[in-house]
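K.L.:
The structure's right below; bear with me while I get my questions together.
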Amino acid sequence: MAGGLKKYLSLIGFSLLCLKMVASANTAPEIPTIDQAYSKISNSITVEWATVPGATSYLLTAKDGDTVIETTVANSPGTVTGLKAATSYQITVRSISAAGRSQASPPKQAKTVLAAPILEVSSPSPDSILVHWGAVYMATGFSVSIMRANGLGRIWKENTTDTTLTFTSLDAGTLYTIKAYAWNANGTPGDDSTCNQRTSPRAPADIGVSFDSGALKASVSWAPTEGAFNYTAVAVGDSSELSCSTTLSGCTIAPLRCGTEYRISVAARNDAGASRSASAVTLKTVACAPGRVTIQEDPPGHLSVSWSNVDLGDYYVAFVKSDDGLEVHCNTSLTQCDFLSECGFTYFISVFAYNKAGQSPLGDVFNHTTAPCCPSDISPVLVSSDRVEVVWSPVRGAELYQTKAVGGLDAVECNDTAPACTLSALQCDTEYNITVYSFSEARGSNTSCASRFVTTAPCSPEIKSVSKDASSAVHVHWRSSNEGATYTVTARGGGELYRCSSAGRSCALGGLPCGSVFSVTAVAETRAGRSLPSYSVPLETVPCCPASLTVTQVTQSVINVSWTVGTGALTYVTVLESHTGQSKCHTHQNHCLLGCITCGVNYTVALKAVSATGLTADCTYRPYASSACCPLGVKLYRLGPNGIRIDWQAARGSANYSTDLYGSKGIFTCSPSSGLSFCDVAEIPCGDVYTVMVSPVAETGLKLTFCPKKIYSVTCSGSTLGMVIYRGKRNAD
Numbered sequence: 216m217a218g219g220l221k222k223y224l225s226l227i228g229f230s231l232l233c234l235k236m237v238a239s240a241n242t243a244p245e246i247p248t249i250d251q252a253y254s255k256i257s258n259s260i261t262v263e264w265a266t267v268p269g270a271t272s273y274l275l276t277a278k279d280g281d282t283v284i285e286t287t288v289a290n291s292p293g294t295v296t297g298l299k300a301a302t303s304y305q306i307t308v309r310s311i312s313a314a315g316r317s318q319a320s321p322p323k324q325a326k327t328v329l330a331a332p333i334l335e336v337s338s339p340s341p342d343s344i345l346v347h348w349g350a351v352y353m354a355t356g357f358s359v360s361i362m363r364a365n366g367l368g369r370i371w372k373e374n375t376t377d378t379t380l381t382f383t384s385l386d387a388g389t390l391y392t393i394k395a396y397a398w399n400a401n402g403t404p405g406d407d408s409t410c411n412q413r414t415s416p417r418a419p420a421d422i423g424v425s426f427d428s429g430a431l432k433a434s435v436s437w438a439p440t441e442g443a444f445n446y447t448a449v450a451v452g453d454s455s456e457l458s459c460s461t462t463l464s465g466c467t468i469a470p471l472r473c474g475t476e477y478r479i480s481v482a483a484r485n486d487a488g489a490s491r492s493a494s495a496v497t498l499k500t501v502a503c504a505p506g507r508v509t510i511q512e513d514p515p516g517h518l519s520v521s522w523s524n525v526d527l528g529d530y531y532v533a534f535v536k537s538d539d540g541l542e543v544h545c546n547t548s549l550t551q552c553d554f555l556s557e558c559g560f561t562y563f564i565s566v567f568a569y570n571k572a573g574q575s576p577l578g579d580v581f582n583h584t585t586a587p588c589c590p591s592d593i594s595p596v597l598v599s600s601d602r603v604e605v606v607w608s609p610v611r612g613a614e615l616y617q618t619k620a621v622g623g624l625d626a627v628e629c630n631d632t633a634p635a636c637t638l639s640a641l642q643c644d645t646e647y648n649i650t651v652y653s654f655s656e657a658r659g660s661n662t663s664c665a666s667r668f669v670t671t672a673p674c675s676p677e678i679k680s681v682s683k684d685a686s687s688a689v690h691v692h693w694r695s696s697n698e699g700a701t702y703t704v705t706a707r708g709g710g711e712l713y714r715c716s717s718a719g720r721s722c723a724l725g726g727l728p729c730g731s732v733f734s735v736t737a738v739a740e741t742r743a744g745r746s747l748p749s750y751s752v753p754l755e756t757v758p759c760c761p762a763s764l765t766v767t768q769v770t771q772s773v774i775n776v777s778w779t780v781g782t783g784a785l786t787y788v789t790v791l792e793s794h795t796g797q798s799k800c801h802t803h804q805n806h807c808l809l810g811c812i813t814c815g816v817n818y819t820v821a822l823k824a825v826s827a828t829g830l831t832a833d834c835t836y837r838p839y840a841s842s843a844c845c846p847l848g849v850k851l852y853r854l855g856p857n858g859i860r861i862d863w864q865a866a867r868g869s870a871n872y873s874t875d876l877y878g879s880k881g882i883f884t885c886s887p888s889s890g891l892s893f894c895d896v897a898e899i900p901c902g903d904v905y906t907v908m909v910s911p912v913a914e915t916g917l918k919l920t921f922c923p924k925k926i927y928s929v930t931c932s933g934s935t936l937g938m939v940i941y942r943g944k945r946n947a948d
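Taken in order, the sequence shown gives residues 216 to 948; the numbers are from the numbering used here.
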């Protein structure tokens with residue numbers, strides 16, 4: 216039981232301890248006591264207090280009227296921020312623990328210090344710094360100090376009731392530290408403010424300028440100055456301003472304008488601002504290229520180049536370069552230059568102005584193409600009745616040629632790139648004024664080219680008629696309107712040519728061969744040339760008479776007439792005529808048999824050669840005597856043992872005869888003396904049969920063999936004299 220009580224008492228004790236602990240945990244911490252409250256910064260108050268056991272943090276409260284600002288801090292001291300400067304606050308502190316927070320401490324009055332002046336600083340000159348600030352609430356004065364930022368050198372300090380202060384006699388381009396604060400009526404200083412300011416640099420010295428006329432730029436140099444971060448060179452002209460900036464001691468200003476006078480200055484610059492510019496240097500650039508360039512070519516071969524005057528130009532040089540590379544120039548203080556030019560060239564013209572700075576920039580390059588040259592060796596190589604072919608040598612600058620021919624109311628032209636032209640469809644026997652104009656695309660046509668007169672060949676004559684006269688001459692008549700022409704008539708045929716000429720309207724062709732067909736044409740000729748031949752007219756001469764004619768007696772009443780061929784003859788008519796009558800035949804052969812011829816009569820022999828068109832040539836030949844008639848009464852008589860007499864009766868007309876006896880033992884011939892009608896054969900074998908023929912002998916000595924033959928038997932017995940026995944009669948073979 217005692218043990219149980221002990222356990223019970225222990226439980227009660229533990230419970231009391233726990234209650235005590237719970238009561239202790241729910242009790243707020245002690246109220247802190249503020250030792251002091253003060254302000255070092257215009258927007259805060261710092262509070263110091265004794266630490267409260269069990270407090271985990273503290274709540275600081277600053278109250279100004281209805282404005283309450285609280286701040287929780289971990290330990291003492293603590294600072295309340297966000298306050299107004301120069302303002303009294305009631306400060307309290309509360310301790311905070313897990314059980315809660317204590318009541319506020321007894322309040323403590325504290326006032327914030329004056330606000331720091333808000334500084335505005337600048338360096339109006341290389342040796343001064345101007346400090347400016349606004350009014351500070353409750354301030355009665357200000358203290359401002361300045362010293363080098365690097366800590367070297369002295370400190371300048373100034374007190375003032377103004378809101379501006381200037382420090383002078385400073386070093387140019389040097390960084391300074393400025394500090395300022397305000398104080399109140401009690402002399403309590405407020406917040407201070409600090410800033411750095413660099414004095415502006417001094418202007419650079421020893422400025423040098425060099426000008427590049429080709430690039431129109433100026434290189435500016437200077438001596439470096441202390442404290443300068445960079446430099447700016449400025450070139451000011453009449454209506455333009457250019458600049459360049461650099462950290463070095465030189466830069467280039469570009470592009471400058473030609474014909475402008477610039478004032479060039481250099482300013483140094485740092486974070487304080489720019490220095491005053493040093494004394495400006497004057498720079499005159501090159502003159503601008505002359506404008507309003509005009510080119511005139513009057514008269515041809517003379518170029519006049521003029522231009523406008525330009526500022527800063529002391530003199531001018533005009534350059535003229537031809538497209539073959541040759542260049543000439545002129546130097547003048549005027550605004551015009553004259554040059555010689557040639558046809559067919561393109562000239563490139565540029566004008567420069569010069570001064571001490573150099574040559575002006577290249578302006579516009581002008582080109583002027585002179586008129587192409589005129590052909591000077593125009594030569595007609597072919598002139599016909601309706602065409603003129605003209606050639607010439609190519610000329611410089613010509614891209615096209617225009618050939619124009621004007622004659623009367625007729626005008627013909629042709630255009631070609633070749634140095635030749637054929638003018639066609641011209642009028643015959645007409646004088647044309649021919650001009651060859653050269654043409655180029657750049658310049659057009661050269662209208663000053665000289666003309667040449669060329670007369671076309673005469674017109675072709677027209678043959679009106681062809682006639683023959685009694686002397687077999689052929690007269691040709693024609694019609695033509697040519698002036699001063701000579702006419703040539705040509706008869707062409709059989710590979711032969713026959714001509715006659717005349718300045719009139721007719722001429723006679725002589726000596727034309729017979730039996731030929733000719734083509735007759737007429738051609739007119741003048742100094743200009745020959746016309747085309749006229750239309751041809753056919754001409755046929757009478758056929759030729761046969762060169763020879765032969766008459767051969769075939770029988771006593773029939774003759775054969777033969778002849779050589781007559782050129783051009785198609786048929787022939789042969790006529791033999793005598794007092795006894797006429798014998799005639801018409802044949803296309805070159806021989807003819809004529810009958811009913813009377814023997815022993817003289818005939819006239821005529822022959823007509825007839826062409827295919829009916830032209831007839833009357834041919835005459837020597838007379839022909841027909842052969843003598845065959846003798847009658849041919850008889851044989853014996854003259855002794857071996858002789859024979861042949862006797863006949865002569866026909867009319869005188870004739871010579873020849874006798875022939877044909878036997879098995881030979882042929883025996885005898886011819887009587889002139890005028891006799893018998894013939895004796897002295898030695899003839901008897902006992903044979905003979906064929907006897909007595910034939911007339913023609914004047915040519917030809918023995919005619921068409922007379923009849925008789926057969927006789929000559930025996931050896933019987934009388935030695937008497938008639939030979941007649942055996943029969945044979946016709947002539």
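Beta carbons are placed, not taken as given, at the ideal position from N, Cα and C, and that holds for glycine.
1. Between which residues of its own chain and Gly744 is the CB-CB distance below 6 Å, once the five residues before and five after are set aside?
2. Secondary structure at Ala238, three-state DSSP: helix, strand or coil?
3. Would you check if the segment 768 to 776 and the segment 806 to 824 touch, i.e. whether three or more CB-CB distances between them fall below 8 Å?
4. Whose C-beta lies closer than 6 Å to the C-beta of Ser440 among residues of the same chain, with five residues either side of it excluded?
5. Between Val295 and Gly402, what straight-line distance do the alpha-carbon atoms span, to the nearest angstrom?
6. Select from Leu549, Val520, Ile344, Gly578 the residue whose C-alpha is nearest the C-alpha of Val543.
7. Consult DSSP for Pro907 and reduce its assignment to one of helix, strand or coil.
8. Is there contact between the segment 244 to 257 and the segment 305 to 314, where contact requires at least three CB pairs shorter than 8 Å?
9. Return the residue from the list Asn570, Ser259, Ser317, Ser480 that minimises the CA-CA distance to Leu274.
10. Return yes when the Cβ of Ser257 is within less than 8 Å of the Cβ of Ala289, no when it is not.
11. Quick check on Val288: does DSSP put it in helix, strand or coil?
12. Please give the ranges of any beta strand (DSSP E) in the segment 774 to 799, keeping only runs that are unbroken, at least 3 residues long and fully inside the region.
13. Between the alpha carbons of Leu919 and Pro911, how many angstroms are there, rounded?
14. Beta-carbon separation of Tyr1035 and Asp407 under 8 Å?
15. Look at Ser604 and Ser556 and say whether their C-beta atoms are less than 8 Å apart.
16. Cα-Cα, which of Val449, Phe444, Val525 is closest to Thr462?
17. How big is the Cα-Cα spacing for Thr176 and Tyr304?
18. Just the C-alpha distance for Ser239 and Gly269, rounded to the nearest angstrom, thanks.
19. With DSSP run on the structure shown, which of helix, strand or coil describes Met353?
20. Using the three-state DSSP reduction, which class does Ser358 fall into: helix, strand or coil?
21. Taking buried to mean at least 16 other C-beta atoms within 10 Å of its own C-beta, is Asn524 buried or exposed?
22. With three or more C-beta pairs closer than 8 Å as the rule, is the segment 757 to 767 touching the segment 824 to 835?
23. Taking only the alpha-carbon atoms, compute the straight-line gap between Glu285 and Ala400 and give it to the nearest angstrom.
24. Using C-beta distances below 6 Å, list every residue in its chain close to Gln642, excluding the 5 sequence neighbours before and after it, in chain order.
25. Between the Cα of Ser455 and the Cα atoms of His794, Ser798, Glu476, Ser886, which residue gives the shortest distance?
26. DSSP state of Cys552, grouped into three classes?
27. Provide the residue span of the beta strand (DSSP E) that contains Arg742, from first to last.
28. Short check: CB of Glu914 to CB of Ala824, under 8 Å?
29. Report, in whole angstroms, the separation of the C-beta atoms of Val691 and Ala739, which I expect to be a contact under 8 Å.
30. Count the other CB atoms, across all protein chains shown, that sit within 10 Å of the CB of Leu712; report buried if there are 16 or more and exposed otherwise.
31. Got a sec? Which residues, its chain only, sit under 8 Å from Gly902 by beta carbon, not counting five neighbours each side?
32. Can you tell me the Cβ-Cβ gap for Ile593 and Arg667, rounded? I've got them flagged as a contact below 8 Å.
33. If you draw a straight line from the C-alpha of Thr789 to the C-alpha of Val896, how long is it?
34. Quick one: what's got a C-beta closer than 6 Å to Cys636's C-beta in the same chain, skipping five residues either side?
35. Smallest Cα separation from Gly783: which of Cys664, Gln768, Thr756?
36. Is Cys410 near Leu334, with beta carbons less than 8 Å apart?
P.N.:
Reading it off the structure:
1. Locating residue 744 in the sequence shown gives position 529, where the first residue counts as 1. Counting only Cβ-Cβ distances below 6 Å, and skipping sequence neighbours, we find Val598, Ala672.
2. Position 23 of the sequence shown, counted from the start, is the residue given in the question as residue 238. For Ala238, the pLDDT reaches just 41, beneath the cut-off of 50, and the residue's location in the model is therefore unreliable, although a value from the coordinates is still provided. Ala238: helix per DSSP, three-state reduction.
3. yes
4. For the purposes of this step, residue 440 is taken as residue 225 along the sequence shown, with counting starting at 1. Sequence check: residue 440 is Thr here, not Ser. These residues qualify, in order along the chain: Pro416, Arg417, Pro419, Ala483.
5. As a first step, residue 295 must be located in the sequence shown, where it is residue number 80. As a first step, residue 402 must be located in the sequence shown, where it is residue number 187. The alpha-carbon atoms of Val295 and Gly402 are separated by roughly 24 Å.
6. Sequence index remark: in the sequence shown, residue 543 carries index 328 (1-based). Among Leu549, Val520, Ile344, Gly578, the Cα nearest to that of Val543 belongs to Val520.
7. What you label residue 907 is simply residue 692 of the sequence shown in a count that begins at 1. For the record, residue 907 in the displayed sequence is Val; it is not Pro. Three-state result, Val907: strand.
8. yes
9. Here residue 274 refers to the residue found at position 59 of the sequence shown. Comparing Cα-Cα distances from Leu274 to each of Asn570, Ser259, Ser317, Ser480, the minimum goes to Ser317.
10. Along the sequence shown, one-based indexing puts residue 289 at 74. Along the sequence shown, one-based indexing puts residue 257 at 42. Going by C-beta atoms, Ala289 is not nearer than 8 Å to Ser257.
11. Numbered from its first residue, the sequence shown carries residue 288 at position 73. Reduced to three states, the DSSP call for Val288 is strand.
12. 774 to 778, 786 to 793
13. For the purposes of this step, residue 919 is identified with residue 704 of the sequence shown, where counting begins at 1. For the purposes of this step, residue 911 is identified with residue 696 of the sequence shown, where counting begins at 1. Whole-angstrom Cα-Cα distance: 6 Å.
14. Outside the shown range of the chain, which is 216 to 948, sits residue 1035, and nothing can be said about it.
15. Indexing the sequence shown from 1 puts residue 604 at position 389. Indexing the sequence shown from 1 puts residue 556 at position 341. Ser is not the amino acid found at residue 604; the sequence shown has Glu there. No, the pair does not count as a contact, with Cβ atoms beyond the cut-off.
16. For the purposes of this step, residue 462 is taken as residue 247 along the sequence shown, with counting starting at 1. Thr462 has its Cα closest to that of Phe444, out of Val449, Phe444, Val525.
17. There is simply no residue 176 to check, as the chain begins at 216 and stops at 948 in what is shown.
18. Counted from its first residue, the sequence shown places residue 239 at position 24. Counted from its first residue, the sequence shown places residue 269 at position 54. In this prediction, Ser239 scores a pLDDT of 43, lower than 50, which makes its location untrustworthy; the coordinate-derived value is nonetheless stated afterwards. Each residue's Cα considered, the two are about 11 Å apart.
19. Position 138 of the sequence shown holds residue 353. Met353 falls in the coil class under three-state DSSP.
20. Within the sequence shown, residue 358 is the residue found at index 143, counting from 1. If DSSP states are grouped into helix, strand and coil, Ser358 belongs with the strands.
21. Taking the first residue of the sequence shown as position 1, residue 524 is located at position 309. Exposed.
22. yes
23. For this step, residue 285 is matched to residue 70 along the sequence shown. For this step, residue 400 is matched to residue 185 along the sequence shown. About 29 Å.
24. On the sequence shown, residue 642 is found 427 positions in, with the first residue counted as 1. Contacts found: Asp625.
25. Residue 455 sits at position 240 when you count from the first residue of the sequence shown. The option with the nearest alpha carbon to Ser455 is Glu476.
26. Along the sequence shown, read from residue 1 onward, the residue named residue 552 stands at position 337. Three-state DSSP puts Cys552 in a strand.
27. Here residue 742 refers to the residue found at position 527 of the sequence shown. Where Arg742 is concerned, there is no enclosing beta strand (DSSP E), given that its DSSP letter is neither H nor E.
28. As a working mapping, residue 914 is identified with position 699 in the sequence shown. As a working mapping, residue 824 is identified with position 609 in the sequence shown. Going by C-beta atoms, Glu914 is not nearer than 8 Å to Ala824.
29. Working through the sequence shown from its first residue, we reach residue 691 at position 476. Working through the sequence shown from its first residue, we reach residue 739 at position 524. Not confirmed; about 13 Å, so no contact.
30. For the purposes of this step, residue 712 is identified with residue 497 of the sequence shown, where counting begins at 1. Burial call: exposed.
31. Here the question's residue 902 lines up with position 687 in the sequence shown. The residues are Val929, Thr930, Cys931.
32. Within the sequence shown, residue 593 is the residue found at index 378, counting from 1. Within the sequence shown, residue 667 is the residue found at index 452, counting from 1. Going by Cβ atoms, the distance from Ile593 to Arg667 rounds to 5 Å, so yes, they are a contact pair.
33. Taking the first residue of the sequence shown as position 1, residue 789 is located at position 574. Taking the first residue of the sequence shown as position 1, residue 896 is located at position 681. Approximately 43 Å, taken between the alpha carbons.
34. Taking the sequence shown and counting its residues from 1, the one referred to as residue 636 is at position 421. Excluding positions up to five away in sequence, the list reads Val605, Thr618, Cys629.
35. For the purposes of this step, residue 783 is identified with residue 568 of the sequence shown, where counting begins at 1. Ranking the options by Cα distance to Gly783, first place goes to Thr756.
36. Locating residue 410 in the sequence shown gives position 195, where the first residue counts as 1. Locating residue 334 in the sequence shown gives position 119, where the first residue counts as 1. Contact: yes.
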